[in-house]
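Take a look at the structure below.
2 protein chains.
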Amino acid sequence: MNKKYTIKDIAEIAGVSKGTVDRVLHKRGKVSKTALEKVNTVLDRIDYRPNLIARNLKNTKIFNICVLLPDPKIDIYWEGCIDGINDAIEEFISFNIAVKTYFFNPTNTNSFIENNEEILKTSPDAVLIAPLFYKEAVEIVKNYNALGIISVTFNNYLKSNVIKSFVGQDLFQSGKVAGRLLEILVKKGLIAILHIDEDYENAIYVQEKEKGFRAYFNQVNNTNYTIKTCSLQHPNFKRSFYEFIEAHPNLAGIFVTTSKAFQVAEITSKLDKKIALVGYDLLKSNLNYLKSFDIDFLIHQNPKRQAYLGVVHLIEYFIFDKEIPTKKLLPIDIINSENANNYI
Amino acid sequence: MNKKYTIKDIAEIAGVSKGTVDRVLHKRGKVSKTALEKVNTVLDRIDYRPNLIARNLKNTKIFNICVLLPDPKIDIYWEGCIDGINDAIEEFISFNIAVKTYFFNPTNTNSFIENNEEILKTSPDAVLIAPLFYKEAVEIVKNYNALGIISVTFNNYLKSNVIKSFVGQDLFQSGKVAGRLLEILVKKGLIAILHIDEDYENAIYVQEKEKGFRAYFNQVNNTNYTIKTCSLQHPNFKRSFYEFIEAHPNLAGIFVTTSKAFQVAEITSKLDKKIALVGYDLLKSNLNYLKSFDIDFLIHQNPKRQAYLGVVHLIEYFIFDKEIPTKKLLPIDIINSENANNYI
DNA sequence: TTAAAAAATGTGTTCGAACACATTTTTGAT
DNA sequence: ATCAAAAATGTGTTCGAACACATTTTTTAA
Chain U
3 MNKKYTIKDI
13 AEIAGVSKGT
23 VDRVLHKRGK
33 VSKTALEKVN
43 TVLDRIDYRP
53 NLIARNLKNT
63 KIFNICVLLP
73 DPKIDIYWEG
83 CIDGINDAIE
93 EFISFNIAVK
103 TYFFNPTNTN
113 SFIENNEEIL
123 KTSPDAVLIA
133 PLFYKEAVEI
143 VKNYNALGII
153 SVTFNNYLKS
163 NVIKSFVGQD
173 LFQSGKVAGR
183 LLEILVKKGL
193 IAILHIDEDY
203 ENAIYVQEKE
213 KGFRAYFNQV
223 NNTNYTIKTC
233 SLQHPNFKRS
243 FYEFIEAHPN
253 LAGIFVTTSK
263 AFQVAEITSK
273 LDKKIALVGY
283 DLLKSNLNYL
293 KSFDIDFLIH
303 QNPKRQAYLG
313 VVHLIEYFIF
323 DKEIPTKKLL
333 PIDIINSENA
343 NNYI
Chain W
3 MNKKYTIKDI
13 AEIAGVSKGT
23 VDRVLHKRGK
33 VSKTALEKVN
43 TVLDRIDYRP
53 NLIARNLKNT
63 KIFNICVLLP
73 DPKIDIYWEG
83 CIDGINDAIE
93 EFISFNIAVK
103 TYFFNPTNTN
113 SFIENNEEIL
123 KTSPDAVLIA
133 PLFYKEAVEI
143 VKNYNALGII
153 SVTFNNYLKS
163 NVIKSFVGQD
173 LFQSGKVAGR
183 LLEILVKKGL
193 IAILHIDEDY
203 ENAIYVQEKE
213 KGFRAYFNQV
223 NNTNYTIKTC
233 SLQHPNFKRS
243 FYEFIEAHPN
253 LAGIFVTTSK
263 AFQVAEITSK
273 LDKKIALVGY
283 DLLKSNLNYL
293 KSFDIDFLIH
303 QNPKRQAYLG
313 VVHLIEYFIF
323 DKEIPTKKLL
333 PIDIINSENA
343 NNYI
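See the structure below:
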């Protein structure tokens, strides 16, 4: 382990006071050219790293981080985020960090906007935000930037040059993962890409998954398959899905692009032929069908870890002056009946 | 955020000096019953948590952690551990932690023992150890315990009541994961469990994988398969494997229990029929065959994260008085051609 | 009762970075 | 040359926990 230098050491070596060293390090106050050169000569020679422990003890400013995400009571997918956020809080409990979580109704843009107003009242230093509503989110982060508030997004990618960072999964690539899985599950026939309860035209993230899925089959140039997109909505989901099945007797596999594979499995599990099924997310109802082999694989988006990393990145930025990665992509976890328990 | 109390606050509320509060907190020196009660009454009322930042600034003892693992130059599987260890070091760079890594030759118990002697000379506070040599490792950790040195194992489980913790993968369960994967890959026929270059009688870890694999098929009671164990060694590996293939024309799938699936793929990729293949570990040579679909899945043991967690657990124990989990099992990551890049 | 020893308490210092403010030096104007 | 202002430097303090050591109080023995 290299010797750890202190400001006092540098002052002694350079022949100046610790006040002058401090002023050089922080470009603060006034320093003569002579003193500046003396100190910089020493700094060039040694690997000085400030004692971050000491720094944080002295600094009493509390950094205020807000998290804005959909209400897990309305969409259970987001439940793990709470744990992820709390893990981050606990890990940095000794540092001056305040983290506050706000939930918006994922079916109501007004809720999104109102919660944002509440957040602004707290004068946050940074906001971690799941930008479900694209248009509104773009305006919000622009406003943050104007106010000097750092914004980081997670789960849903938002193209914007004022966002500091994105934490999430490469959805295009996850579509390719699903493609490979379905290729193994099904030797030939029709594979449906199923969007459930999504406004397909506006849901960029399901489009990305579909693109990746199709790209996989283009890439391997496998002509044994027909791929068909199908977009179904509640409350007619069941009836529409039955009609789709009857209209496509060579249906062999289904790729569900949202968390709702369990709704498909509920129906396919009762058919007298096996239809392969790949979906997303470790909801309890999905897991039940995974364990009974009615769902073959799930792709884990790990919202808990997304939220955790989003908060940790911000904390480390404030506390340790650590660079925030522009984009942090999570692994694309493939889940089967036998490894599911390791991920929940 | 709750108010953070200091020792000074407690002293004021209790009507004693901060020295007395310190003595109560640390059961140090002498404290009268009266003062003890006064302070404890306050402590019962508030959630006092010491400022760990301040504590670590004052404490100048350097905790000495050693890591003993196989030489990645000899077995590349362990290469990621270096990065994992360095990540942990970097993350706690501001704390008084010294981490030193020692490599032993994984084919030579003397090397293991000699490195252990070197470690003992440094009077470590803790050792993270990959106990490849079961018998020798048991003696070593007993000695550590007698010397008050904390030992944590990773990757290979070692049954011992003096080891503080194990970080690794549930190998039995990983065998079940492989079972489910092979069940999907192959509808019927012979599946071989292949141990390559392992002294099967002594290699508990490949036995565990096999047990898990067989347990999966017992559990689903699927009679479409015959499962056969095969143990092959270099330098006759190729010849023996060809003989095995010719002796078993209905061979449909292979489960390789070690990192050496690439050696199998080298041969199966040239056959005029497809044999499904599931192996372990993201060695470059395995990844190449995964990308060309000659290996269908790999199970990632994530040695990097094992080493990282092992070191982090020790650091947090020393620095934050954090409990070390007795056993920390990593997720059993299923890797296909499309998500591999996310894990390397 | 008194003095010495033991018990108990209180005060000051340390860790290292950040920074306020006191003090010294330099510069510019008269 | 002198004085005032600006530039520059140095010293002290703060953050909170741990702990050494000075000081006070209580107990014990004669």
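Residue numbers (our numbering), protein chains in the order written: chain U, 3 to 346; chain W, 3 to 346. Positions of the beta carbon are idealized from the N, C-alpha and C atoms, including for glycine. These numbers come from a predicted model, not from an experiment.
For residue i, does the count of other Cβ atoms within 10 angstroms reach 16, so buried, or fall short, so exposed?
| i | result |
| --- | --- |
| U:R182 | buried |
| U:D323 | exposed |
| U:I346 | exposed |
| W:D127 | buried |
| W:E210 | buried |
| W:H315 | buried |
| W:G31 | exposed |
| W:G150 | exposed |
| U:L70 | buried |
| U:Q221 | exposed |
| W:I48 | exposed |
| U:K262 | buried |
| W:D274 | exposed |
Going by DSSP, what residue range makes up the alpha helix (DSSP H) through residue i?
| i | result |
| --- | --- |
| W:L192 | Run containing W:L192: none in the alpha helix (DSSP H); it sits in the beta strand (DSSP E), 191 to 198. |
| W:F219 | 206 to 222 |
| W:Y291 | 286 to 293 |
| W:T111 | 111 to 123 |
| W:H250 | Neither: W:H250 is in no alpha helix (DSSP H) and is coded neither H nor E. |
| U:G281 | No alpha helix (DSSP H) contains U:G281, which is instead part of the beta strand (DSSP E) from 278 to 282. |
| W:N2 | Here chain W comprises residues numbered 3 to 346, so residue 2 of chain W is not present and cannot be evaluated. |
| U:A180 | 173 to 187 |
For a test of the three-state rule: what should DSSP assign to residue i, helix, strand or coil?
| i | result |
| --- | --- |
| W:N226 | coil |
| U:T43 | helix |
| U:Y104 | strand |
| W:D201 | coil |
| U:I256 | strand |
| U:L316 | helix |
| U:V129 | strand |
| U:I99 | strand |
| W:V266 | helix |
| U:T231 | strand |
| W:K329 | strand |
| U:S167 | strand |
| U:K144 | helix |
| U:I76 | coil |
Chain U partners of residue i, CB-CB under 7 Å?
| i | result |
| --- | --- |
| W:S96 | N53, L54, I55 |
| W:K178 | E340 |
| W:L187 | I186 |
Whose CA, out of the options, lies closest to the CA of residue i?
| i | options | result |
| --- | --- | --- |
| W:Q308 | W:G82, W:F257, W:D73, W:Q175 | W:G82 |
| W:P52 | W:T8, W:T260, W:D335, W:F295 | W:T8 |
| W:I67 | W:L38, W:T124, W:I84, W:V41 | W:T124 |
| W:F305 | W:E93, W:I99, W:F156 | Note that residue 305 of chain W corresponds to Pro in the displayed sequence, not to Phe. The option with the nearest alpha carbon to W:P305 is W:F156. |
| U:L45 | U:K240, U:L71, U:A13 | U:A13 |
| W:T111 | W:A16, W:K35, W:A132 | W:A132 |
| U:I297 | U:V313, U:I269, U:G312, U:Y319 | U:I269 |
| U:N341 | W:N344, W:N341, W:I337, W:P333 | W:P333 |
| W:T259 | W:S233, W:V208, W:I321 | W:V208 |
| U:G177 | U:K144, U:A217, U:I206, U:E138 | U:A217 |
| W:Y50 | U:N61, U:G17, U:I95, U:D11 | U:I95 |
| U:V129 | U:T62, U:D335, U:A205, U:Y319 | U:Y319 |
Starting from residue i, follow the beta strand (DSSP E) in both directions and report where the run begins and ends.
| i | result |
| --- | --- |
| W:I152 | 152 to 156 |
| W:I60 | Looking at the sequence provided, one finds Lys at residue 60 of chain W rather than Ile. Run containing W:K60: none in the beta strand (DSSP E); it sits in the alpha helix (DSSP H), 54 to 60. |
| W:D11 | Premise fails: W:D11 lies in the alpha helix (DSSP H), 9 to 16, not in any beta strand (DSSP E). |
| W:H302 | 299 to 302 |
| W:D335 | 335 to 337 |
Run down chain W in chain order and give the residues with a C-beta less than 7 Å from the C-beta of residue i.
| i | result |
| --- | --- |
| U:L59 | I55, A56, L59 |
Given that residue i touches chain W, what residues does it touch there, using C-beta distances under 8 Å?
| i | result |
| --- | --- |
| U:I334 | E340, N341, N344 |
| U:D298 | I186 |
| U:Y218 | E340 |
Please list, in chain order, the chain W residues whose beta carbon lies closer than 9 Å to that of residue i.
| i | result |
| --- | --- |
| U:G181 | E340 |
| U:L331 | N344 |
Taking Cβ-Cβ distances shorter than 9 Å, what residues in chain U pair up with residue i?
| i | result |
| --- | --- |
| W:Q175 | E340, N341, N343, N344 |
Any chance the CB of residue i is under 7 Å from a heavy atom of the ligand FMN?
| i | result |
| --- | --- |
| W:N66 | This structure simply doesn't include the ligand FMN, nor any ligand for that matter. |
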